[in-house]
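Chemist: Below is one structure. I have some questions about it.
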Amino acid sequence: MRILFSLLVFFSPVLLHEFLIHNRLDLVAPWYAGLLISPALFQLVRLRLPGLTALILAAVAVLVMTLARGHELLMLKLTPVFIYVFLFWVFAGSLRPGRVPVITRIAALMREQASERELRYTRKVTWAWALFFITMLATSLVLAIYAPAQVWSVFTNLVSYVLLVSFFLVEFLVRRVVLASEVDYSLRGFLVALTRIDLRQALWKAR
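The numbers in the sequence shown follow this note's numbering, run straight up by one, and end at 1559.
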């Protein structure tokens, strides 16, 4: 079920772009509501009572279906704004004194022991990601306000994800150069290790 939900989220930007360019904004709210209510439905299918988070998401789904009618384009444009604000808040907030930077927390979950050199590097990478998210936020806002909807959608729902993957890959290459022999894992090994940790734990404990 988790894999199915991940696939739905993964392909969501492409579908939202298609809804926009084919003038089917009436499908936006049902799609969002379906994603939000999916965790509760998956738990019910497994004969489990939905948890608090799933119930909150289901309640938000009801609000989306109730309030979004006639404001679908606005909802589309506000969604990435909220996402980027949240990510910037998490990453930048984790850099405050007494907090554990997000990337440092992820590194600790992936490897039992990290050198001082790795810890310093992961703090700098957390700064880099925070700057990346605030840049994406600013770009998305400018395009949402001043550019045609199709141009905004191409950047937000397609180009931004290419930039995200590219930034991730470039950071890994820089990591191999800066940390040299301390990076004793391949890109594939790194990705596999990422899938085995609880990223939610990394994000929230870093705050």
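Beta carbons are placed, not taken as given, at the ideal position from N, Cα and C, and that holds for glycine.
Between which two residues does the alpha helix (DSSP H) containing Thr-1508 stretch?
Modeler: The sequence position of residue 1508 within the sequence shown is 156, counting from 1. Counting along the chain, Thr-1508 falls outside any alpha helix (DSSP H), and DSSP gives it neither H nor E.
Chemist: Suppose you measure from the CA of Ala-1444 to the CA of Leu-1428; what does that come to, to the nearest Å?
Modeler: Within the sequence shown, residue 1444 is the residue found at index 92, counting from 1. Within the sequence shown, residue 1428 is the residue found at index 76, counting from 1. If I take the Cα positions, the gap works out to 25 Å.
Chemist: Just to confirm, are Ser-1492 and Val-1442 a CB contact at a threshold of 8 Å?
Modeler: Position 140 of the sequence shown holds residue 1492. Position 90 of the sequence shown holds residue 1442. Not a contact, by the Cβ cut-off of 8 Å.
Chemist: Quick check on this structure: which residue in Leu-1419, Thr-1487, Ile-1455 and Thr-1431 has the alpha carbon closest to the alpha carbon of Glu-1300?
Modeler: Limits of the chain in this structure are 1353 at one end and 1559 at the other, which puts residue 1300 out of reach.
Chemist: How many Å lie between Val-1397 and Pro-1382 at the Cα?
Modeler: Counting from 1 along the sequence shown, the entry for residue 1397 is found at position 45. Counting from 1 along the sequence shown, the entry for residue 1382 is found at position 30. About 20 Å.
Chemist: Decide if Ala-1352 is buried, meaning its Cβ has at least 16 other Cβ atoms within 10 Å, or exposed.
Modeler: The chain is shown only over 1353 to 1559; residue 1352 falls outside these bounds and no answer can be derived.
Chemist: Taking Cβ to Cβ, would you say Gln-1502 is nearer than 8 Å to Ile-1408?
Modeler: As a first step, residue 1502 must be located in the sequence shown, where it is residue number 150. As a first step, residue 1408 must be located in the sequence shown, where it is residue number 56. Cβ atoms of Gln-1502 and Ile-1408: not closer than 8 Å.
Chemist: Specify, as a first and last residue, the run of the alpha helix (DSSP H) that Ile-1389 falls within.
Modeler: Translated into positions along the sequence shown, residue 1389 becomes position 37. Here the alpha helix (DSSP H) through Ile-1389 covers 1380-1397.
Chemist: Would you check if the distance between the CB atom of Ala-1413 and the CB atom of Ile-1435 is smaller than 8 Å?
Modeler: Here the question's residue 1413 lines up with position 61 in the sequence shown. Here the question's residue 1435 lines up with position 83 in the sequence shown. The answer is no: Cβ separation not under 8 Å.
Chemist: Would you list, in sequence order, the uninterrupted alpha helix (DSSP H) runs of no fewer than 4 residues that lie entirely inside the segment 1407-1464?
Modeler: DSSP runs (the alpha helix (DSSP H)) wholly in the segment 1407-1464: 1424-1445 and 1454-1462.
Chemist: Please classify Ser-1533 as buried or exposed, where buried requires at least 16 neighbouring CB atoms within 10 angstroms.
Modeler: The residue labelled residue 1533 in the question sits at position 181 within the sequence shown. That one is exposed.
Chemist: Got a sec: is the Cβ-Cβ distance from Arg-1421 to anything in chain B below 8 Å?
Modeler: Judged by its chain identifiers, the structure shown contains no chain B, having just a single protein chain.
Chemist: Rounded to whole angstroms, what's the CA-CA distance from Met-1462 to Glu-1468? Just pull it up for me.
Modeler: The residue given as residue 1462 occupies position 110 in the sequence shown. The residue given as residue 1468 occupies position 116 in the sequence shown. Cα to Cα, the separation comes out at about 16 Å.
Chemist: Which residues in the same chain as Ala-1496 place their Cβ atom closer than 7 Å to its Cβ, once the five residues preceding and following it in sequence are excluded?
Modeler: For this step, residue 1496 is matched to residue 144 along the sequence shown. Result list for Ala-1496: Lys-1429 and Trp-1504, in chain order.
Chemist: Check whether the Cβ atoms of Val-1519 and Leu-1489 sit closer than 8 Å, and answer yes or no.
Modeler: Sequence index remark: in the sequence shown, residue 1519 carries index 167 (1-based). Sequence index remark: in the sequence shown, residue 1489 carries index 137 (1-based). Reading the sequence as shown, one finds Phe at residue 1519 and not Val. No; because the gap between Cβ atoms is not below 8 Å, this pair is not in contact.
Chemist: Quick check: Leu-1425 and Leu-1377, are their CB atoms within less than 8 Å of each other?
Modeler: On the sequence shown, position 73 is the one that residue 1425 refers to. On the sequence shown, position 25 is the one that residue 1377 refers to. Contact flag set, yes.
Chemist: Where does Val-1535 sit, in a helix, a strand or coil, going by DSSP?
Modeler: Residue mapping note: residue 1535 aligns to position 183 of the sequence shown, counting from 1. Coil.
Chemist: For Gly-1403, name the three-state secondary structure that DSSP assigns.
Modeler: Residue mapping note: residue 1403 aligns to position 51 of the sequence shown, counting from 1. In this structure, Gly-1403 counts as coil in the three-state DSSP scheme.
Chemist: Under 7 Å Cβ to Cβ from Trp-1479, same chain only, skipping five residues before and after it: list those, please.
Modeler: As a working note, residue 1479 is residue 127 in the sequence shown. Correct list, in chain order: Leu-1447.
Chemist: How would you write the range of the alpha helix (DSSP H) that Ala-1490 sits in, first residue to last?
Modeler: One-based indexing of the sequence shown puts residue 1490 at position 138. Element bounds for Ala-1490: 1468-1498.
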